[in-house]
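J.: Residue numbers (the numbering used here), protein chains in the order written: chain A, 18 to 375; chain B, -4 to 304.
Positions of the beta carbon are idealized from the N, C-alpha and C atoms, including for glycine.
Note that the structure is predicted; figures quoted are calculated from it, not measured.
Written out as structure tokens, the structure reads:
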């Protein structure tokens, strides 16, 4: 009875995620200690940077919006047996499409932003499906095409923002700002209420997207087909599912989600795109969000908020002379512990069973 | 005139190819043994930093180079332990390595060099040496082609060596077999774990060397942006080259040539530098679409091997 209870607890994936997070912070603390920083001071600053003022909490949530989108993108692809390492490129294509439409296609206010979001989804969807097409038609390893497409998108974005119609006249290596009508900033009332001047509708859109993806995965026959293809392509085909079509669609949808992340960031936060020196990493951070969220759409909301807070709070570590990179190390450690969860669980369960048998 | 340009192009290519090639050959090892190693990027970055650090304190490029390799090997060991002994999802573990490697590199750099994310510039003695420097007059075609880093020569020789190891030795045969059907190998008494451990650690070592080459030859200091993407390009070259050392060489040369073109034409306003930078990636995709098509991926790639009791 008692061991049954123990087994139930030990089977819960949430336990291992929380344990992994704790171990990540522990390793981070050890590293900080080794370079002569008091971990309590650093983590105190981090905590304060996130929860110190209501404004900070709101900022953390704002930071989470694009991460939830890229996390959903990767989680969705995982469930269909694809590893979307191309979310970075789809994110860039989405932000670029939103920028170009937001800058060059004047439309009345609410529609303009909607058209921007739709064009971003289209661009990212096509970008993601392109890798799928190469896989289905030519058998080209999707990891390879994703990596290539990431860099092509990266340089394409730099090329486009250097065009005369897009580039700003004011010195900076960046595009002009999007038109006011394309902005998805919340009305001034909200920014005054929260103290966060960058508050925008992105987080609301991210939550809606998460719910929608959850619904599609869990409650529709299309979602069932997706998962069937993810478990076993041959079994799915035997059951009459057109696995190639499902595969293409899932890569397209995954691309759309990543692209929307880029779009909300441009339309709500940055309002322009600066020339990149290196990839911003939202796609790769999305992989982390998806993994911490257990590749579950609802889980991605929480892990996205967690990552957003770590990013926002982590920025403030420079104030106490702590390298912000400790956040990346903590995140990497968390993922590696999550990755070894299955073996650890087996060992623990075996131990408990052995104990119960005595 | 044309000859001078050709010489400069080859020179630029010989500088940008070795890091990709070293990392790519490393990736060959790991992938052939059945362990996907997407963490090459992180292993290169830590190699780049530790290489620069060791060279800075010892004023010896070769010691730096070796230390860079060892740092990569250490991350390789972590990847191996997670993937082989603990059956982690290999792509996920690799992603973690890509957070930990660059994270640790910049973190340590800031800790050691008073919060600067760049390491101090290395003087010539602390860099890797060039070969045949005084043989031809500087600026001549032969000078540009022949007088390059000895590590560049080394990396090309390594292709030959690896080809020999993979296809002509018992270890190589076992390595390839383990990547195709580990269960069958185990019944023949081959220690699957041991072969995979050596392969993954070696892949980290070579990736670390590749990273160290960047800081010790090309850039002469560590900056957070020294590697960006080269590890992924190396992986792409390996898939392009169908997991063989000679194919990887071809893939790396294409990227190296395009990089050479970029640095040569970058100064002129003939063509946008951004479009130029895009060329290697477009060329790779097009070559795959038009000529190469699907390659054979080691059958056990990505699948954890569980030793039965």
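Mark residue 186/B as exposed unless 16 or more other C-beta atoms lie within 10 angstroms of its C-beta, in which case mark it buried.
T.: Looking at its Cβ environment, which holds fewer than 16 other Cβ atoms inside 10 Å, residue 186/B is exposed.
J.: Helix or strand or just coil, what does DSSP make of residue 146/A?
T.: Residue 146/A falls in the helix class under three-state DSSP.
J.: Go ahead and label residue 214/A buried or exposed: buried means 16 or more other beta carbons lie within 10 angstroms of its beta carbon, across all protein chains shown.
T.: Exposed, because fewer than 16 other Cβ atoms sit within 10 Å of the Cβ of residue 214/A.
J.: Can you find the residues in the same chain that come closer than 6 Å, C-beta to C-beta, to residue 375/A, ignoring five residues on each side of it along the sequence?
T.: With a pLDDT of 41 at residue 375/A, under the threshold of 50, the modelled position of this residue cannot be trusted; read the value that follows with caution. Contacts found: none.
J.: Taking its Cβ as the centre, do 16 or more other Cβ atoms sit within 10 Å of residue 266/B, making it buried, or is it exposed?
T.: Answer is exposed; the Cβ neighbour count stays below 16.
J.: Looking at residue 127/A and residue 219/A, is the spacing between their C-beta atoms short of 8 Å?
T.: Cβ distance not < 8 Å, so residue 219/A and residue 127/A don't count as in contact.
J.: Would residue 296/B pass as a contact of residue 195/B if the rule is Cβ separation under 8 Å?
T.: Taking 8 Å as the Cβ cut-off, residue 296/B and residue 195/B do not qualify as a contacting pair.
J.: To the nearest angstrom, report how far apart residue 4/B and residue 92/A are at their CA atoms.
T.: Cα to Cα, residue 4/B sits roughly 43 Å from residue 92/A.
J.: Restricting to Cα atoms, I'd like to know which of 365/A, 309/A and 337/A is closest to residue 87/B.
T.: Here the closest residue by C-alpha is 309/A.
J.: Does residue 125/B come out as helix, strand or coil in the three-state DSSP assignment?
T.: It is a strand residue.
J.: Return the chain-ordered ranges of every alpha helix (DSSP H) run that is complete within the stretch 27 to 97 of chain B and spans a minimum of 4 residues.
T.: Counting whole runs of 4 or more residues, the stretch 27 to 97 of chain B contains the alpha helix (DSSP H) stretches 35 to 53 and 56 to 75.
J.: Name, going along the chain, the residues of the stretch 270 to 285 of chain B whose beta-carbon falls closer than 7 Å to a beta-carbon of chain A.
T.: Listed by position along the chain: 270, 272, 273, 276, 277, 279, 280, 283 and 284.
J.: Using the C-alpha atoms, what's the distance from residue 345/A back to residue 66/A?
T.: About 17 Å.
J.: Should residue 274/A be labelled buried (16 or more other beta-carbon atoms within 10 Å of its own) or exposed?
T.: It is buried - the Cβ of residue 274/A has at least 16 other Cβ atoms within 10 Å.
J.: I need the straight-line Cα distance from residue 360/A to residue 28/A, nearest angstrom please.
T.: Cα to Cα, residue 360/A sits roughly 12 Å from residue 28/A.
J.: Residue 331/B and residue 117/B: beta carbons closer than 8 Å?
T.: In the structure displayed, chain B extends from -4 to 304; residue 331/B sits before or after that span and is not available.
J.: Would you kindly report the start and end of the unbroken alpha helix (DSSP H) that includes residue 87/A?
T.: 71 to 96 is the extent of the alpha helix (DSSP H) around residue 87/A.
J.: Taking C-beta to C-beta, are residue 188/B and residue 58/B nearer than 8 Å?
T.: The answer is no: Cβ separation not under 8 Å.
J.: Please confirm whether residue 258/B has its beta-carbon closer than 8 Å to some beta-carbon of chain A.
T.: Taking Cβ atoms only, chain A never reaches closer than 8 Å to residue 258/B, which makes this a no.
J.: In the stretch 257 to 291 of chain A, which residues sit with their C-beta less than 7 Å from some C-beta in chain B, listed in chain order?
T.: Going along the stretch 257 to 291 of chain A in chain order, one finds no residue with a Cβ nearer than 7 Å to chain B.
J.: Quick one: is residue 292/B near chain A, going by C-beta distance under 8 Å?
T.: It does: the Cβ of residue 292/B has a partner Cβ on chain A nearer than 8 Å.
J.: State yes or no: is the beta carbon of residue 82/B nearer than 8 Å to at least one beta carbon in chain A?
T.: Yes, residue 82/B lies at the interface with chain A (some Cβ there is under 8 Å from its Cβ).
J.: Does the structure place the stretch 107 to 115 of chain A close enough to the stretch 228 to 246 of chain A that three or more beta carbon pairs sit under 8 Å?
T.: Cβ pair count under 8 Å is below three, so no.
J.: What residue range is occupied by the uninterrupted alpha helix (DSSP H) comprising residue 64/A?
T.: Taken as a continuous stretch (DSSP letters only), the alpha helix (DSSP H) holding residue 64/A covers 56 to 68.
J.: Taking the alpha helix (DSSP H) that residue 254/A belongs to, which residues open and close that run?
T.: Segment 250 to 255, the alpha helix (DSSP H) holding residue 254/A.
J.: Would you list, in chain order, the members of the stretch 41 to 56 of chain B that have their beta-carbon closer than 9 Å to a beta-carbon of chain A?
T.: For the stretch 41 to 56 of chain B, which is checked against every Cβ of chain A, not one residue is closer than 9 Å.
J.: Considering only the beta carbon of each residue, do residue 268/A and residue 217/A sit closer than 8 Å?
T.: Taking 8 Å as the Cβ cut-off, residue 268/A and residue 217/A do not qualify as a contacting pair.
J.: With a floor of 4 residues, list each alpha helix (DSSP H) that falls wholly inside the stretch 148 to 215 of chain A, ordered by position along the chain.
T.: Listed in chain order, they are 159 to 178 and 205 to 211.
J.: With which residues is residue 376/A paired in a DSSP beta bridge?
T.: Because chain A in this structure spans residues 18 to 375, residue 376/A falls outside the shown range and cannot be described.
J.: Taking a Cβ distance cut-off of 7 Å, strictly less, list which residues of the stretch 313 to 343 of chain A are near chain B, in chain order.
T.: Under the 7 Å Cβ criterion, the stretch 313 to 343 of chain A contributes 338, 340, 342 and 343.
J.: Could you please give the first and the last residue of the uninterrupted alpha helix (DSSP H) stretch that includes residue 114/A?
T.: That run of the alpha helix (DSSP H) goes 104 to 121.
J.: Output needed in chain order: residues of the stretch 99 to 124 of chain B with a Cβ under 9 Å from some Cβ in chain A.
T.: From the stretch 99 to 124 of chain B, only 99, 100, 101, 102, 103, 104, 105, 106, 107, 110 and 112 have a Cβ closer than 9 Å to chain A.
J.: Pair every Cβ in the stretch 238 to 249 of chain B with every Cβ in the stretch 137 to 153 of chain A, then say whether three or more of these pairs are closer than 8 Å.
T.: With the cut-off at 8 Å, the stretch 238 to 249 of chain B and the stretch 137 to 153 of chain A do not touch.
J.: DSSP three-state label for residue 144/B, please.
T.: Residue 144/B falls in the strand class under three-state DSSP.
J.: Verify whether the separation of the beta carbon atoms of residue 49/B and residue 62/B is less than 8 Å.
T.: Cβ distance < 8 Å, so residue 49/B and residue 62/B count as in contact.
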